[in-house]
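So the protein sequences, as listed, match chains A and B.
So for the first sequence, full-length UniProt numbering puts the first residue at 1; every next one is plus one.
So for the second sequence, full-length UniProt numbering puts the first residue at 1; every next one is plus one.
Beta carbons are placed, not taken as given, at the ideal position from N, Cα and C, and that holds for glycine.
Below is one structure, written out as structure tokens, with a few remarks after it.
Number of protein chains: 2
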Amino acid sequence: MGAKVLVVEDDAALAELLTYNLGKEGFEVRHAPDGDEALLAIDEDMPDLIVLDWMLPHMSGIEICRQVRARPETREVPVIMLTARGEEDDLLRGFETGADDYLTKPFSMTELVARIKSLLRRMRPTIAGNVATFGDITLDRETCRVRRGSRDVHLGPTEFRLLDVLMQRPGRVFSREQLLDRVWGHDVYVEIRTVDVHVGRLRKALNRRGEPDPVRTVRSAGYALDETYKASA
Amino acid sequence: MGAKVLVVEDDAALAELLTYNLGKEGFEVRHAPDGDEALLAIDEDMPDLIVLDWMLPHMSGIEICRQVRARPETREVPVIMLTARGEEDDLLRGFETGADDYLTKPFSMTELVARIKSLLRRMRPTIAGNVATFGDITLDRETCRVRRGSRDVHLGPTEFRLLDVLMQRPGRVFSREQLLDRVWGHDVYVEIRTVDVHVGRLRKALNRRGEPDPVRTVRSAGYALDETYKASA
DNA sequence: CGGTTATGTGACAGTTTTGTAAAAAACGAG
DNA sequence: CTCGTTTTTTACAAAACTGTCACATAACCG
Numbered sequence: 001m002g003a004k005v006l007v008v009e010d011d012a013a014l015a016e017l018l019t020y021n022l023g024k025e026g027f028e029v030r031h032a033p034d035g036d037e038a039l040l041a042i043d044e045d046m047p048d049l050i051v052l053d054w055m056l057p058h059m060s061g062i063e064i065c066r067q068v069r070a071r072p073e074t075r076e077v078p079v080i081m082l083t084a085r086g087e088e089d090d091l092l093r094g095f096e097t098g099a100d101d102y103l104t105k106p107f108s109m110t111e112l113v114a115r116i117k118s119l120l121r122r123m124r125p126t127i128a129g130n131v132a133t134f135g136d137i138t139l140d141r142e143t144c145r146v147r148r149g150s151r152d153v154h155l156g157p158t159e160f161r162l163l164d165v166l167m168q169r170p171g172r173v174f175s176r177e178q179l180l181d182r183v184w185g186h187d188v189y190v191e192i193r194t195v196d197v198h199v200g201r202l203r204k205a206l207n208r209r210g211e212p213d214p215v216r217t218v219r220s221a222g223y224a225l226d227e228t229y230k231a232s233a
Numbered sequence: 001m002g003a004k005v006l007v008v009e010d011d012a013a014l015a016e017l018l019t020y021n022l023g024k025e026g027f028e029v030r031h032a033p034d035g036d037e038a039l040l041a042i043d044e045d046m047p048d049l050i051v052l053d054w055m056l057p058h059m060s061g062i063e064i065c066r067q068v069r070a071r072p073e074t075r076e077v078p079v080i081m082l083t084a085r086g087e088e089d090d091l092l093r094g095f096e097t098g099a100d101d102y103l104t105k106p107f108s109m110t111e112l113v114a115r116i117k118s119l120l121r122r123m124r125p126t127i128a129g130n131v132a133t134f135g136d137i138t139l140d141r142e143t144c145r146v147r148r149g150s151r152d153v154h155l156g157p158t159e160f161r162l163l164d165v166l167m168q169r170p171g172r173v174f175s176r177e178q179l180l181d182r183v184w185g186h187d188v189y190v191e192i193r194t195v196d197v198h199v200g201r202l203r204k205a206l207n208r209r210g211e212p213d214p215v216r217t218v219r220s221a222g223y224a225l226d227e228t229y230k231a232s233a
């Protein structure tokens, strides 16, 4: 499946149009009609991107945007705002608040989709739709398969998600806590060292004898995919 | 503000308009009339953002964009493209190539400025936050990597934090007490001379034979990054 | 100069962090 | 329920890093 997109829009007709079209593009769409629903949705399952109508019943778009930017775990989520024509003031305040892009109604679906893809690519460089690539490693979310070069790599579900998370930002160091959050879920309690074990298994599955290890251990910090390796492969 | 913006635009009148207005906003603007000049300008002093006309004499905007994206050191630089009305094909190809945003001529200066600021804020992790540079030394907090020139420098956690602190204000002298505070934490008790040992280790890791030492000892005061060195490198 | 103080640095013993095998527990398809 | 797979925990060894000390150098000062 594609990225998760949260659409915050009170106009039911437009909301449905968006849901339908984005869904067709392979995004997993969730809809929230107002600010409270939006924050709830964000809590329940973190979207990869938010499309935010600027005019909402109770809480203004600007307020939601501010709240999203305020929390550390959502700070990185890109926001596209939808404004009515000619609200240039709002627009500028929107950018101030930290929106990443905006579209003026009415807008073309093609354009919205292009902008969404652009922002997502910027956020998660290796992910183009369902397939992520890092050097000679390929991870396909659709078929749940991983390949290295021409060989098939068998991973258990946990190793698969682990690699998936690491590949969302190659090179970035994820702490064990962050990995627990993202791979196991923020409500599950497991020993921190379990991460190490699974990283070990991921390595064993990924590396045949003589191949360089794409997983980097950063002492006292966590694990990351090694950009050096990517360059060499 | 004060970010460096490279404007690649062959139409002299528009170029001047851009230069003037962006300058007024506090950006440091450099102008290149064609692709070759653009690449040269990028080499000479890396811009923080590129405004790129899509229709250029020799090399098309798309080609420049591709080249910018191909090099690791410019991969993260955001690109805004300027297109004539109705070239929707170009637009989509532009996003494919990795442009981050686009504007259709004619556009309002306010809007361009807003978009530039938004992109710069989004890139902040790279420009203002996560990567520090001092001369030929680079410290990346996201990947936990340090490089000197083209060589990878391996540091232990303590040396890493130490360099991090020093790089937060290059040239400033930090007393050993201050370094203990900031690197070890103000609640830890360790001998003051431990700082010296770690500075020594940092030096050893940073300097290959024949290279000048970027760390300056200030007798009876502390340590600092040497601005003399920065100038020379 | 000689005396004094500050810094550089090798060695080392102790600590922390990581890799990993193996056991135990959990899970899932028949 | 049973078997095979996967996950989690645990324990231990290996590796990496740390803080301290002692002594060698270097800088300062009258």
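Using CA coordinates, which residue listed in B:D196, B:S118, B:W54 is at the minimum distance from L180 (chain B)? Translated into positions along the second sequence, residue 180 (chain B) becomes position 180. Answer by Cα proximity: B:D196.
Contact the segment 63-70 of chain B vs the segment 35-54 of chain B: 3+ CB pairs below 8 angstroms: yes
For F95 (chain B), go through chain A and note every residue whose CB falls closer than 9 angstroms to its CB, in chain order. As a working mapping, residue 95 (chain B) is identified with position 95 in the second sequence. Simply A114, R115, K117, S118, R121.
Determine, using beta carbons only, whether F174 (chain A) and G222 (chain A) come nearer to each other than 8 angstroms. For the purposes of this step, residue 174 (chain A) is identified with residue 174 of the first sequence, where counting begins at 1. For the purposes of this step, residue 222 (chain A) is identified with residue 222 of the first sequence, where counting begins at 1. Yes. Within cutoff.
In DSSP terms, what K4 (chain B) is bridged to: As a first step, residue 4 (chain B) must be located in the second sequence, where it is residue number 4. Beta-bridge pairing links K4 (chain B) to B:E28.
Bridge partners - F134 (chain A), DSSP secondary structure assignment: Start at 1 with the first residue of the first sequence, and residue 134 (chain A) comes out as number 134. Answer is A:I137.
What residues of chain B sit near S150 (chain A), judged by a beta carbon separation below 8 angstroms? Translated into positions along the first sequence, residue 150 (chain A) becomes position 150. Within 8 angstroms Cβ-Cβ: nothing; S150 (chain A) doesn't reach chain B, min ~25 angstroms.
Cβ closer than 9 angstroms: which chain B residues qualify as neighbours of R201 (chain A)? Reading the first sequence from its first residue, position 201 is the one you call residue 201 (chain A). Within chain B, no residue comes near R201 (chain A); the closest Cβ sits about 23 angstroms away, beyond 9 angstroms.
Nearest to V8 (chain A) (by Cα), restricted to the options A:L22, A:S108, A:G23, A:R30: Translated into the one-based positions of the first sequence, residue 8 (chain A) becomes position 8. The candidate whose alpha carbon is nearest that of V8 (chain A) is A:R30.
Within the 8 angstroms Cβ cut-off, does V165 (chain A) reach chain B? Counting from one through the first sequence, the residue named residue 165 (chain A) turns up at place 165. False, the Cβ-Cβ gap to chain B never drops below 8 angstroms.
Is any heavy atom of the ligand FMN found at a distance shorter than 7 angstroms from the C-beta of T104 (chain B)? Absence of the ligand FMN is noted for the structure shown, with no ligands found whatsoever.
From L82 (chain A) to L162 (chain A), what does the alpha carbon distance come to, in whole angstroms? Taking the first residue of the first sequence as position 1, residue 82 (chain A) is located at position 82. Taking the first residue of the first sequence as position 1, residue 162 (chain A) is located at position 162. Taking the straight line joining both Cα atoms gives about 35 angstroms.
Excluding five sequence neighbours on each side, which residues of the same chain lie with their C-beta closer than 6 angstroms to the C-beta of A128 (chain B)? Looking up residue 128 (chain B) in the second sequence gives position 128. Because A128 (chain B) sits at a pLDDT of 42, beneath the cut-off of 50, its placement in the model cannot be relied upon, and the following sentence gives the value as read from the coordinates. Closer than 6 angstroms at the Cβ level, and outside the excluded window around A128 (chain B), lies no residue.
With M81 (chain A) as the anchor, note down where its beta strand (DSSP E) starts and where it stops. Working through the first sequence from its first residue, we reach residue 81 (chain A) at position 81. Residues 79-83.
For I137 (chain B), tell me which candidate among B:P157, B:R151, B:L14 has the shortest Cα-Cα distance. To locate residue 137 (chain B), count along the second sequence from 1; it is residue 137. The residue with the shortest Cα to Cα distance from I137 (chain B) is B:R151.
For A99 (chain B), the three-state DSSP class (helix, strand or coil): The residue labelled residue 99 (chain B) in the question sits at position 99 within the second sequence. If DSSP states are grouped into helix, strand and coil, A99 (chain B) belongs with coil.
For the beta strand (DSSP E) that contains G222 (chain B), what are its first and last residues? Within the second sequence, numbered from 1, the residue matching residue 222 (chain B) stands at position 222. 222-225 is the span of the beta strand (DSSP E), which, as asked, contains G222 (chain B).
For chain A, is any of its Cβ atoms less than 8 angstroms away from the one on D48 (chain B)? The residue labelled residue 48 (chain B) in the question sits at position 48 within the second sequence. No, because no Cβ of chain A sits closer than 8 angstroms to the Cβ of D48 (chain B).
Proximity test, Cβ basis, 8 angstroms: P157 (chain B) and chain A: Taking the second sequence and counting its residues from 1, the one referred to as residue 157 (chain B) is at position 157. P157 (chain B) counts as touching chain A.
Smallest Cα separation from G135 (chain B): which of B:S232, B:M109, B:L14? Here residue 135 (chain B) refers to the residue found at position 135 of the second sequence. Among B:S232, B:M109, B:L14, the Cα nearest to that of G135 (chain B) belongs to B:S232.
Neighbouring residues, chain B, relative to A221 (chain A) (Cβ below 8 angstroms): Counted from its first residue, the first sequence places residue 221 (chain A) at position 221. What A221 (chain A) touches in chain B: C144, P157.
Interface flag, R172 (chain A) vs chain B, CB-CB below 8 angstroms: Taking the first residue of the first sequence as 1, we reach residue 172 (chain A) at position 172. It does; some Cβ of chain B falls within 8 angstroms.
In angstroms, rounded to a whole number, what distance separates the CA positions of E177 (chain B) and R209 (chain B)? On the second sequence, position 177 is the one that residue 177 (chain B) refers to. On the second sequence, position 209 is the one that residue 209 (chain B) refers to. Spanning the two alpha carbons is a distance of roughly 30 angstroms.
Quick one: give me the first and last residue of the beta strand (DSSP E) that R147 (chain B) is part of. Along the second sequence, read from residue 1 onward, the residue named residue 147 (chain B) stands at position 147. 145-148 is the extent of the beta strand (DSSP E) around R147 (chain B).
For D100 (chain B), return the contacting residues in chain A, with the cut-off set at a CB-CB distance below 7 angstroms. Within the second sequence, the letter at position 100 stands for residue 100 (chain B). Here the neighbours are S118, R122.
Secondary structure at V165 (chain A), three-state DSSP: helix, strand or coil? Taking the first residue of the first sequence as 1, we reach residue 165 (chain A) at position 165. Looking at V165 (chain A) - three-state DSSP - the assignment turns out to be helix.
Span separating the alpha-carbon of R201 (chain A) from that of N207 (chain A): Residue 201 (chain A) sits at position 201 when you count from the first residue of the first sequence. Residue 207 (chain A) sits at position 207 when you count from the first residue of the first sequence. So the alpha carbons of these two residues sit roughly 10 angstroms apart.
A84 (chain A) classed as buried or exposed, judged by whether at least 16 other C-beta atoms fall within 10 angstroms: In the first sequence, residue 84 (chain A) corresponds to position 84, counting from 1. So A84 (chain A) ends up on the exposed side.
Between V218 (chain A) and chain B, is the shortest Cβ-Cβ distance under 8 angstroms, so that the two count as touching? Counting from one through the first sequence, the residue named residue 218 (chain A) turns up at place 218. Yes, its Cβ sits closer than 8 angstroms to a Cβ of chain B.
Between which two residues does the alpha helix (DSSP H) carrying L179 (chain B) extend? Taking the first residue of the second sequence as position 1, residue 179 (chain B) is located at position 179. Its alpha helix (DSSP H) spans residues 176-179.
Inter-residue Cα distance where the pair is V190 (chain A) and K24 (chain B): As a first step, residue 190 (chain A) must be located in the first sequence, where it is residue number 190. As a first step, residue 24 (chain B) must be located in the second sequence, where it is residue number 24. Taking the straight line joining both Cα atoms gives about 55 angstroms.
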